[in-house]
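Colleague: Numbering (the numbering used here), first residue to last: 2 to 273.
Note that CB positions come from ideal geometry on N, CA and C, so glycine has one too.
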Amino acid sequence: MATLRQHWIARGGSSGLIRLEKVTKTYHTIGHVRVPALCDIDLTIDRGEMVAVTGPSGSGTSTLINILGCLDVPSSGRYLLEGRDVVPLSKRQRAKVRASTIGFVFHRFDLLPDATVIRNVELPLVYAVRSRVRHEHALRALERVGLGGHDNDFPIELSPAQRRRAMIARALINDPKVLLQDDPTTELDVRSGQEIVQLYTELNDAGCTVIFSTHREDVAASARRIIRLSEGRIASDQRVIGRIHGPRVAARRRNLRSVRASVTNGSAGNNE
Ligand SMILES: Nc1ncnc2c1ncn2[C@@H]1O[C@H](COP(=O)(O)OP(=O)(O)O)[C@@H](O)[C@H]1O
Ligand SMILES: [Mg+2]
Numbered sequence: 002m003a004t005l006r007q008h009w010i011a012r013g014g015s016s017g018l019i020r021l022e023k024v025t026k027t028y029h030t031i032g033h034v035r036v037p038a039l040c041d042i043d044l045t046i047d048r049g050e051m052v053a054v055t056g057p058s059g060s061g062t063s064t065l066i067n068i069l070g071c072l073d074v075p076s077s078g079r080y081l082l083e084g085r086d087v088v089p090l091s092k093r094q095r096a097k098v099r100a101s102t103i104g105f106v107f108h109r110f111d112l113l114p115d116a117t118v119i120r121n122v123e124l125p126l127v128y129a130v131r132s133r134v135r136h137e138h139a140l141r142a143l144e145r146v147g148l149g150g151h152d153n154d155f156p157i158e159l160s161p162a163q164r165r166r167a168m169i170a171r172a173l174i175n176d177p178k179v180l181l182q183d184d185p186t187t188e189l190d191v192r193s194g195q196e197i198v199q200l201y202t203e204l205n206d207a208g209c210t211v212i213f214s215t216h217r218e219d220v221a222a223s224a225r226r227i228i229r230l231s232e233g234r235i236a237s238d239q240r241v242i243g244r245i246h247g248p249r250v251a252a253r254r255r256n257l258r259s260v261r262a263s264v265t266n267g268s269a270g271n272n273e
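#1: Tell me whether Ala38, by its Cβ, gets closer than 7 Å to a heavy atom of ligand 3.
#2: So, for Glu232: in the same chain, excluding its five sequence neighbours on each side, which residues have a beta-carbon less than 7 Å away from its beta-carbon?
#3: Note down the Cα distance separating Val220 from Gln195, rounded to an integer number of angstroms.
#4: Here's a check: name, in chain order, each residue in its chain whose Cβ is nearer than 6 Å to the Cβ of Lys26, leaving out the five neighbours to either side.
#5: Beta-carbon separation of Arg229 and Thr55 under 8 Å?
#6: Determine the DSSP secondary structure at Leu148, reduced to helix, strand or coil.
#7: Given a cut-off of 8 Å, decide if Gly149 and Arg166 are closer than it, judged by their beta-carbon atoms.
#8: State the DSSP-derived secondary structure class of Thr55, mapped to helix, strand or coil.
#9: Within its chain, find whatever has a CB closer than 8 Å to the CB of Ile235; leave out the 5 residues flanking it on each side and keep chain order.
#10: Tell me which residue opens and which closes the alpha helix (DSSP H) that Thr202 is part of.
#11: Could you give the distance in angstroms between the alpha-carbon of Arg109 and the alpha-carbon of Gly84?
#12: Taking the alpha carbon of Asp238 as the point to measure from, which residue in Ala53, Tyr80, Cys209 has its own alpha carbon closest?
#13: Using the Cα positions of Tyr201 and Ser160, report the straight-line distance between them to the nearest angstrom.
#14: Looking at Gly78 and Ile103, is the spacing between their C-beta atoms short of 8 Å?
#15: Which value, in whole angstroms, describes the spacing of the CA atoms of Leu81 and Leu90?
#16: Check each candidate in Ile68, Asp115, Val191, Ala116 and name the one with the smallest Cα separation from Arg99.
#17: Which same chain residues end up closer than 6 Å to Glu151 when comparing Cβ atoms and leaving out the 5 residues on each side of it in sequence?
#18: Taking 8 Å as the cut-off, decide whether the C-beta atoms of Leu173 and Leu180 are in contact.
#19: Can you tell me whether Thr187 sits near ligand 1, meaning its C-beta is under 7 Å from at least one heavy atom of the ligand?
Here it is in structure tokens:
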């Protein structure tokens with residue numbers, strides 16, 4: 002059976018998923034004050050990358066993620082998504098592109114408390130896909146985020162990190178080409194935040210392109226490429242050397258974790 006990573010690559014080759022050319026974003030406040038949020042951003046992101054966009058508060062990280070997620074448009078410049086400039090598209094056309102290509106994790110849109118986890122995850126497909134197919138997609142998405150077996154739980158029965166996982170499953174249901182999130186660890190305690198970052202690493206190991214913003218250094222450090230913004234400009238773009246990825250690395254990491262667990266339990270060597 003083809004691995005997930007092979008599946009992703011088969012869906013579109015290995016490069017050039019996202020390209021920004023001279024992208025600028027200026028907000029206009031009610032008092033007609035111009036607020037420059039992004040200036041002259043040139044950026045290419047390939048399939049299979051795991052990218053953290055970081056910088057101090059106000060540096061433009063959310064603005065960049067919103068533009069990449071087709072939730073907002075640049076004031077000038079081009080945004081090529083799979084080679085197609087999405088800037089001239091209407092809001093409705095952009096929504097279509099988003100639905101077919103992007104998995105945007107909206108943590109502000111919480112899970113519906115009265116619906117089971119699987120119903121929540123199915124939501125994006127409610128009007129688009131027959132219920133049996135929808136159900137299968139949702140079960141697969143839940144497996145991918147490590148929530149297999151929790152389909153009939155209600156959100157209140159899950160931990161904060163599990164609820165966040167369910168939101169990620171909701172974004173994965175369409176099998177998107179890129180997973181995007183603004184500040185994935187916000188409002189989470191340190192441990193839950195680490196759990197979410199670890200999940201993103203595992204999804205990326207399985208071939209998923211992941212892009213998120215963060216103001217936290219430790220969270221940014223978990224990515225394989227770190228783009229630092231300063232006052233709306235790219236101050237640095239660093240690929241983390243040695244952070245190769247792929248299913249074999251995921252397996253090695255799992256082995257390492259089980260060795261670490263046995264060291265903690267005082268049975269080191271049994272796994273060697
Ligand atoms: N809707 C908006 N209207 C006016 N100014 C905005 C708006 N959103 C963001 N900004 C401004 O744009 C700049 C970048 O904001 P943002 O992208 O939210 O930064 P970050 O997420 O890195 O904190 C900041 O100066 C912020 O105040
Ligand atoms: Mg922000």
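Modeller: In this structure, then:
#1: Although ligand 3 was asked about, the structure shown includes only ligand 1 and ligand 2 as ligands.
#2: Residues Ser60 of the same chain have their beta carbon placed closer than 7 Å to that of Glu232, with the five preceding and five following residues left out of the count.
#3: 8 Å
#4: Ala38, Leu39, Thr64, Pro75, Ser76
#5: yes
#6: In this structure, Leu148 counts as coil in the three-state DSSP scheme.
#7: no
#8: strand
#9: Ile42, Asp43, Leu44, Ile228, Arg229
#10: 191-206
#11: Going from the Cα of Arg109 to the Cα of Gly84 covers about 30 Å.
#12: Ala53
#13: 18 Å
#14: Not closer than 8 Å, so no.
#15: 12 Å
#16: Ile68
#17: Looking at the sequence provided, one finds His at residue 151 rather than Glu. Same-chain partners within the cutoff: Val118.
#18: Yes, the pair counts as a contact, with Cβ atoms nearer than the cut-off.
#19: no
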